[in-house]
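Below is one structure, written out as structure tokens, with a few remarks after it.
Numbering (this note's numbering), first residue to last: 277 to 427.
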């Protein structure tokens, strides 16, 4: 079974460009490992698409910070069992990346530049403040758990 997905591993190891949906003037160069960071930060403010540079395939689109569809250009009616298995494999690989990096990663410098260019400095500041609040809440939760365990 693992042999069946080797071509997908090769397919995924390429260069991508992330875009805000309906704004294709500005893109952000991404590698597979960068996709979660792009989705979690940019997707907080707009739906995004990720396009493979090699062939122009749309790898995925999002609804906010959640992946909506893998290969959205393939209609639901045109999807075979094999296509669905392949899409599920890709979704699983992307979920592994999200588990490693988390739902609230600090934006990569290139993602931050992209956000500034597309949304403006105000959104970059707002995103930084949001992430700071998340970190503070996580710290408070950790401290509360520590207090609960010491009782």
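Glycine residues also receive a C-beta, built at the ideal position from the N, C-alpha and C atoms.
Discussion item. Let's test the definition: count the other Cβ atoms within 10 Å of the Cβ of residue 420 and tell me whether it reaches 16, buried, or not, exposed.
Written reply: exposed
Item to complete: State the start and end residues of the unbroken alpha helix (DSSP H) segment that holds residue 281.
Response: Looking at the DSSP string, residue 281 is not in any alpha helix (DSSP H), and its letter there is neither H nor E.
Discussion item. Rounded to the nearest angstrom, what separates residue 308 and residue 417 at their Cα positions?
Written reply: 31 Å
Fill in: Element boundaries [beta strand (DSSP E), containing residue 306]
299-307
Worksheet item: In this structure, what does DSSP give as the bridge partners for residue 295?
Response: 325
Practice prompt. Use the C-beta contact count for residue 439: other C-beta atoms within 10 angstroms, 16 or more gives buried, fewer gives exposed.
Written response: One cannot answer for residue 439 here, as it falls past the ends of the chain, which runs 277 to 427.
Worksheet item: Can you name the start and end residues of the beta strand (DSSP E) that residue 344 belongs to?
Response: 342-346
Item to complete: Between the Cα of residue 383 and those of 337, 293 and 403, spot the shortest distance and give me the residue it belongs to.
Response: 403
Worksheet item: Does the beta-carbon distance from residue 302 to residue 325 come in below 8 Å?
Response: no
Worksheet item: Which term fits residue 410, buried or exposed, when burial requires 16 or more other beta carbons within 10 angstroms of its beta carbon?
Response: exposed
Worksheet item: Between the Cα of residue 289 and the Cα atoms of 299, 310 and 295, which residue gives the shortest distance?
Response: In terms of Cα proximity to residue 289, the closest of 299, 310 and 295 is 310.
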